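There are 4 protein chains.
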Amino acid sequence: MCGIFGIYSHKDAANITYLGLYALQHRGQESAGIACLDGDSAHFHKQMGLVSDVFTADVLKALKGILAVGHVRYSTAGSSDLKNSQPIVVEYMKGYLALVHNGNLTNARIVRDELRDSGSIFQTTTDTEVIVHLMARSREKTTIDRLIAALHIVEGSYSLILLTQNELIAARDPYGIRPLCLGRLRDSYVISSESCAFDLIEAEFLREIEPGEVLVISERGLQSLFPFKRMTRKHCIFEYIYFARPDSFMFGRTVYTIRKAFGRELAKRDSIDADMVIPIPDSGIGAAIGYSQASGIPFELGLIRNHYVGRTFIEPEPSIRHFGVKLKHNAIHDLVKGKRLVVIDDSIVRATTSRKIISMLRYYGAKEIHFRVSSPPTKYPCFYGIDTPTRKQLIASSHTVDEIKSYMKCDSLRYLTVEDMKNAIEGDYTFCDACFTGDYFIPFPKSMDMEQMELFSNDY
Amino acid sequence: MCGIFGIYSHKDAANITYLGLYALQHRGQESAGIACLDGDSAHFHKQMGLVSDVFTADVLKALKGILAVGHVRYSTAGSSDLKNSQPIVVEYMKGYLALVHNGNLTNARIVRDELRDSGSIFQTTTDTEVIVHLMARSREKTTIDRLIAALHIVEGSYSLILLTQNELIAARDPYGIRPLCLGRLRDSYVISSESCAFDLIEAEFLREIEPGEVLVISERGLQSLFPFKRMTRKHCIFEYIYFARPDSFMFGRTVYTIRKAFGRELAKRDSIDADMVIPIPDSGIGAAIGYSQASGIPFELGLIRNHYVGRTFIEPEPSIRHFGVKLKHNAIHDLVKGKRLVVIDDSIVRATTSRKIISMLRYYGAKEIHFRVSSPPTKYPCFYGIDTPTRKQLIASSHTVDEIKSYMKCDSLRYLTVEDMKNAIEGDYTFCDACFTGDYFIPFPKSMDMEQMELFSNDY
Amino acid sequence: MCGIFGIYSHKDAANITYLGLYALQHRGQESAGIACLDGDSAHFHKQMGLVSDVFTADVLKALKGILAVGHVRYSTAGSSDLKNSQPIVVEYMKGYLALVHNGNLTNARIVRDELRDSGSIFQTTTDTEVIVHLMARSREKTTIDRLIAALHIVEGSYSLILLTQNELIAARDPYGIRPLCLGRLRDSYVISSESCAFDLIEAEFLREIEPGEVLVISERGLQSLFPFKRMTRKHCIFEYIYFARPDSFMFGRTVYTIRKAFGRELAKRDSIDADMVIPIPDSGIGAAIGYSQASGIPFELGLIRNHYVGRTFIEPEPSIRHFGVKLKHNAIHDLVKGKRLVVIDDSIVRATTSRKIISMLRYYGAKEIHFRVSSPPTKYPCFYGIDTPTRKQLIASSHTVDEIKSYMKCDSLRYLTVEDMKNAIEGDYTFCDACFTGDYFIPFPKSMDMEQMELFSNDY
Amino acid sequence: MCGIFGIYSHKDAANITYLGLYALQHRGQESAGIACLDGDSAHFHKQMGLVSDVFTADVLKALKGILAVGHVRYSTAGSSDLKNSQPIVVEYMKGYLALVHNGNLTNARIVRDELRDSGSIFQTTTDTEVIVHLMARSREKTTIDRLIAALHIVEGSYSLILLTQNELIAARDPYGIRPLCLGRLRDSYVISSESCAFDLIEAEFLREIEPGEVLVISERGLQSLFPFKRMTRKHCIFEYIYFARPDSFMFGRTVYTIRKAFGRELAKRDSIDADMVIPIPDSGIGAAIGYSQASGIPFELGLIRNHYVGRTFIEPEPSIRHFGVKLKHNAIHDLVKGKRLVVIDDSIVRATTSRKIISMLRYYGAKEIHFRVSSPPTKYPCFYGIDTPTRKQLIASSHTVDEIKSYMKCDSLRYLTVEDMKNAIEGDYTFCDACFTGDYFIPFPKSMDMEQMELFSNDY
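Going down the list, the protein sequences come from chains X, C, B and G. Letter 330 of the first sequence, counting from 1, is numbered 329 in numbering that gives the first Met the number 0, and no numbers are missing. Letter 15 of the second sequence, counting from 1, is numbered 14 in numbering that gives the first Met the number 0, and no numbers are missing. Letter 94 of the third sequence, counting from 1, is numbered 93 in numbering that gives the first Met the number 0, and no numbers are missing. Letter 10 of the fourth sequence, counting from 1, is numbered 9 in numbering that gives the first Met the number 0, and no numbers are missing.
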């Protein structure tokens, strides 16, 4: 997963982008980068690590220019490596381009092979690089037409920001899978994956970029194009469930509100008798509050999260190894001792962490543990940008709820149903839920099946 | 403030200490250090930074030995500098000593001057260094008698762990101001500032070190001495209010439970009509849950905390400066818009942060903001180890609650009373609350008054 | 300028390359890089800095594979930046390519513009990148034919090593401008810019790669191709004068021997009466020994060079600034006091350093200073890989010897004549001496003149 | 070995000291440090590494004050560790002291034990720390009297600079074993181990500090005290042979001149017939020039030294290990092939390096190798500050010249005799030559013999 940010015409463009990325840090902790185009020259800096470690005052000062784009990355396509970090900055026609991308192009492997065989040179292993190559190979005259031509060829999900010497172009795939929104900071325009970045820099939220929209920001102001065939909206439901920050406004709603609604729906069909509702922090908190409010069972912050987990944490010696889960979470003994608990998590992937937390709660004396999941069983891999494991590793793809319950050793286990998930979201249901239903609305390229997609989607 | 940890007789002593410090990281983020005594030699490593940054696998491997002590530091006495980080390791008589200390010695300046004038050389500016000098100057024969002699001379607060070539000695001042507890990890003994460190390493909590106790752990097992005049217990109430981790068991209770009780007491005398209770995370969460449960007003996590604040965060340019509070906290617009809020914080120091949060909530459309503080007004500086600002900077020392309310621009402001604080803690009230009452039970050295104490207590 | 190294089929390929680059460090101190191709995958590491700082044991261990190429760089074409460091590693057809290059392609700007306009994307600003793009665009079938096709298009100087999944290919331009030689290390073949790298790894020197030769090393052994029109040899005379290490065997001779011969020729026409001959270390030493032996005037190491000049040396405050030359060189007072000196340097570029050294020698009491230069006046910029300043900055391009003497404030100044330089090199004279004569044997591209060449040759 | 530098009253004191240390870098590459006293506060920075790596512009800027001392260290006493780096900065009486020391105190172990047993705390393992403890324990009133009292107790060698809040004090042991000199930089005074540091900063050399002199620089100008019993001068002859920079003026002569004289004396008794004289660079160059001039055999720089040896150079894999000597030195094949060589080194310690160089020269075809050493056989360890190995490792302490010749595999081997060494130094012979003669003029403490001295002198 990734977070992207861009700004048009601000004298502190790199500094503002730094703050924007900082607010988007939850979307990717692996690498961070900023590029500025400044007249005829391009300045950029990208490095493995957190935003606050990657950029120093000296580095920011060297990123001159009034136009900037930035990127934080948690790899989906392309291995975890400095060369795959973004922005991608290239020399192209008479000037430079800088591109940042959130999403995953499903036909990247095929397009890449064709480009390579006809003489294009690839220097990264990301899907994103194909876009600039397609632009370079296009016969169109203007940058904007070349971009549109390129986007007509790629399939999959993309929210992207492209910087030229004098324009900032934002584009979103016709399904609107990944989020992207537009704001104004006094006389400047800003683009961000999530609105929480606007709050930090005190920019005004204007609107979301529309699915299929290509928005050009230049001297002449805003120009909005819709060059693609209109498609049914397919926003990523997992942004609501887990990925986005609760204070972001996305796909027309506030994330926190939706998470509470998931918890409330979960409680509606539940008649469990329990002493307290406990979230697995931080992602389970919203749903747990909703569940508590709907059920009347008191909410308690019975699990504590340690936020000092550094990137360089040293694996303890094998003899003292088994602390994995405790490095991140601990429970409050007195609170859970002898109590009947409803424990809420946003989703279950492999179920190994949940199992360890349950074991810890039992050790501290919990009497009953009723595990509730504020999303349906995750059965299918995501090919549109969420870094889920392969199908084999998704416990729900091969086990029944009852089998999962036995593995996790909880007293009861319930998931939110797809139906209730839809109910929770008031208004039209315009979401991609392929991870729960297997309903992949973008056809797999050529004769690929799901196994091949899994094989190729994360490894170029 | 500081956190300390020690282990007696474990083949992975340094590794276990690393994990222990990691669990105590909230007690000090400025520097971290570990010392191991291994036969005739001493190995130690200390550095500015977080535990997970200071120690690498190579560094830990070089810390050989089965006895270890560790320290995390947030400076109270002595400037923020590598030379002031702990453990203090010195050559002394026939071997080495390693010492870690949490607390503040009120007569350190005077003792230090006397020692210096009679020929002792100081290489740090910490109060802790006087203890080893007093031990070295003592005429007693054994290390333990020398330590006791030294502790008879110093005044103030101390929880400390002293490592010799073959003993681990834990000591706590006669008032029991700072916490310290004893645990067992299979055949080894462990000492820690807080019990949450035992949970992480899966050690069994045995008991707290008693006020005035000197506990010697050696080949002959545990030996418990009480060489000091028995004093009234004076546990630091601020550990409960703010400092300790909620999952720690301390001074006979669980911190989370006490915090909830503070919130409950606060609600009892409050008859405010509001739509929701919102904590300032993370420290206000416990009290907010208690307030919500007692008042029936729904609890909401309406303020989001960004945990990626790095140590190297770059101050934005002056032109884009005023984001201070937003770097750490943001509010959920939709949730607070048009609503009457009870906002709960654990304490108010300068009131500048609270004021900014209130202004942000107003900007997002909150209708009423009722600010509640789960502790009494902080009017007096702490001389026993909490790094409070000087009296002049404590807004409550010179302003009435009404004046503070006006400054903060909230609709109403209420603090917990000292009486209700006492009520919240069931059982005997055995706490130091000098920060609220000015009741300093340890006489100031010689003819010093409070201004002089402030002058000297944080600057050697 | 750059140094390149490659090895075919050695289990410690990266380690050997590290040592090879270490021996070639004098050819470039700006960045260093090594790439290994290992079956289907490529591993590489490149970074700004010296070889011994760029590579750690961990980094070397991760560079798996039995084929490796390495590069040290001092920028000529392309700005000084990590993205411009080599090896260039790209995905190409069915596998990876890694390329290292020493030299300068005179028509790179034009070829690059054409490639870019037809859809190639450039990610560096080096001339080297055009070679891989030309290969990728070629219609030839095999890698080797594509390389040859690409080299038919580029003009200028190149000694290069290309690594494919199973071949190591070395190529040298038809003029043989830059050096490149072949060695054997037991069962492996090695390629290096200079033979001194073979000495360090105890490889056997076999021969120099011929001008215009393309040498393919593969499972089938060595295959030598000569696909280009045979040209007059034009070895770079400046390698002898300044650049190469004195212990290297290059262009059929040993560099140290040639330098001494330059000094001897210089002495032959000189009848100066002096007390001692002093070189400007290190580059003037060979010529000074030759001059001393021919003239009978004693050789003295009267100037001492400080070798600890770090990359991060801090510029002193303006108030104490003027130490520039002394940071690198100091003179022995007693030795030079009251003496008549012959001071020998290898060449004069701007004359500012020479002027400062002369001033220092005068300050220490030298009676007469006769400056001798073991090469002719440097009047013209180099477009074939030596990083000379532009013509305006070359003092000899606009001033007579007499004017230079006045500027430097020496008692006499003499250069080696082009004629004597030719005499010094016994056997056929097969050298490029355009920097002295302006005789550029490769036509400037299209309608460019020297000013335009200067403008473009160092800045893409 | 160490280098020390100090400056009294200069607004750029830290910057000048940085430059001074840079010029003294050859005296110690392990750690570097600078301390400034500025009114009531002390600022210092010390770190493992080279001067140019240890200090950044920011670090230097923070070192405020007009008085400064600096130190570069190559450990003799005390293990190689940051805590042992200098300056030692301590709080003492009413202010701070900063001390730098070059030399070795022979009775440090004993004095240290006594101090420790009476209550002093040691935080380093250096001999230098005893001086500040002795000062602190002294009953004298003034700092200067306390220093003199301390120096009356210690034995061995010392050149030191002591900084107080308003004085700079330089002292040299009564034998004058280590060098120390005084210079003037406009209105400021400077003190340095060697005069080459004065050249770099363009200070005027005034004179050497006298043996037994304590020189106080303060507001009242210079005050020179001679509080110790006058002893025979015993300057370290090894400074001339190897340690000092050739451009330094020391013990009344210029080092380069003495080295040439050593070479000349060596040649006088030699009637070898050879083709060339080759130094082992850099330390053998002076003697080789002297030998060549006296013998008429041509001087050639036949061995090349690689100056890029970094501190972090990675040991090659065992399979490719044996390059040790070649990393530092290579020979010019053509030059030595078939030739009869006189190879000159300054001294022989273990003879392993010399042996490898001889083997390399033979491999390149040298016909005869006559090894000449410009000092007598090194038979005894130094207890006065040079970091020689223990007696067992000194090949000359247990082998005859003939046996050493056989080990090294040279055709002949000759050392300079003690007699000729004395002849080479014109004027009075006032030198410590204990490393050659075993004539230790300072009695070993109490009942220690040489083995015990070796045991203790380098390990506290």
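Even for Gly, the Cβ is constructed at its ideal location relative to N, Cα and C. None of the values given here were measured: they were computed from a predicted structure.
- DSSP, read as helix, strand or coil, puts residue 369/X in strand.
- Residue 447/X does not reach chain B, its nearest Cβ partner there being about 20 Å away, counting only Cβ pairs nearer than 9 Å.
- Under DSSP, residue 99/C forms a beta bridge with 160/C.
- In this structure, residue 191/X places its C-beta atom within 9 Å of the C-beta atom of residue 179/X.
- Residue pairing from DSSP leaves residue 427/G without any beta-bridge partner.
- Membership of residue 45/B in any alpha helix (DSSP H) is not indicated; the residue belongs instead to the beta strand (DSSP E) covering 40-47.
- For residue 2/C, the CB contacts under 6 Å within the same chain, skipping 5 residues up- and downstream, are 23, 26, 27, 71, 192 in chain order.
- Of all residues in the segment 15-29 of chain X, none comes within less than 7 Å of chain B when Cβ atoms are compared.
- Residue 298/X carries a strand assignment under DSSP once its states are collapsed to helix, strand and coil.
- Note: residue 329/G is bridge-paired with 303/G in the DSSP secondary-structure output.
- CA-to-CA, the gap between residue 375/X and residue 92/B works out to about 43 Å.
- Sequence-ordered contacts of the segment 261-281 of chain X with chain C read 281 [C-beta pairs closer than 9 Å].
- Bounds of the beta strand (DSSP E) holding residue 30/B are 30-37.
- For the pair of segments examined, the segment 157-174 of chain C was found to touch the segment 3-15 of chain C: the number of CB pairs separated by less than 8 Å reaches three.
- With the rule of 3 Cβ pairs closer than 8 Å, the segment 333-344 of chain G does not count as touching the segment 250-260 of chain G.
- Residue 429/C and residue 236/C have their C-alpha atoms some 9 Å from each other.
- Within the segment 151-217 of chain X, the runs of beta strand (DSSP E) at least 3 residues long that lie entirely inside it are, in chain order, 155-162, 167-171, 180-184, 187-191, 203-207, 213-217.
- Distance from the CA atom of residue 123/X to the CA atom of residue 56/X, rounded to whole angstroms, is 28 Å.
- By the Cβ rule, the segment 212-228 of chain X does not count as touching the segment 404-421 of chain X, because fewer than three pairs are nearer than 8 Å.
- The secondary-structure analysis by DSSP pairs residue 146/B with nothing; it has no beta-bridge partner.
- The C-beta distance from residue 260/G to residue 289/G rounds to 6 Å, short enough to meet the 8 Å contact threshold.
- For the segment 128-151 of chain B, the set of positions with a beta-carbon nearer than 7 Å to some beta-carbon of chain X reads 131, 132, 135, 136 in chain order.
- A distance below 9 Å separates the beta carbons of residue 245/B and residue 303/G.
- The DSSP-derived three-state label of residue 131/B is helix.
- What residue 245/X touches in chain C, judged by beta-carbon distance under 8 Å, is 300, 303, 331, going in chain order.
- At a Cβ-Cβ threshold of 9 Å, residue 240/X and residue 273/X do not count as neighbours.
- Chain order gives the chain C residues near residue 195/X as 329, where near means a beta carbon separation below 7 Å.
- Listed along chain B is no residue with a C-beta nearer than 8 Å to that of residue 72/X; the closest approach is about 17 Å.
- Any Cβ of chain G closer than 9 Å to the Cβ of residue 68/C would place that residue at the interface, and such an atom is absent.
- Residue 103/C holds the alpha-carbon nearest to the alpha-carbon of residue 386/C among 103/C, 213/C, 353/C, 173/C.
- Between the alpha carbons of residue 58/G and residue 307/B lies a gap of roughly 19 Å.
- Under the three-state reduction of DSSP output, residue 447/B falls in the coil class, being neither helix nor strand.
- For residue 339/X, the uninterrupted beta strand (DSSP E) run begins and ends at 339-344, by DSSP.
- Interface annotation, residue 248/X: not in contact with chain B, CB-CB separation never under 9 Å.
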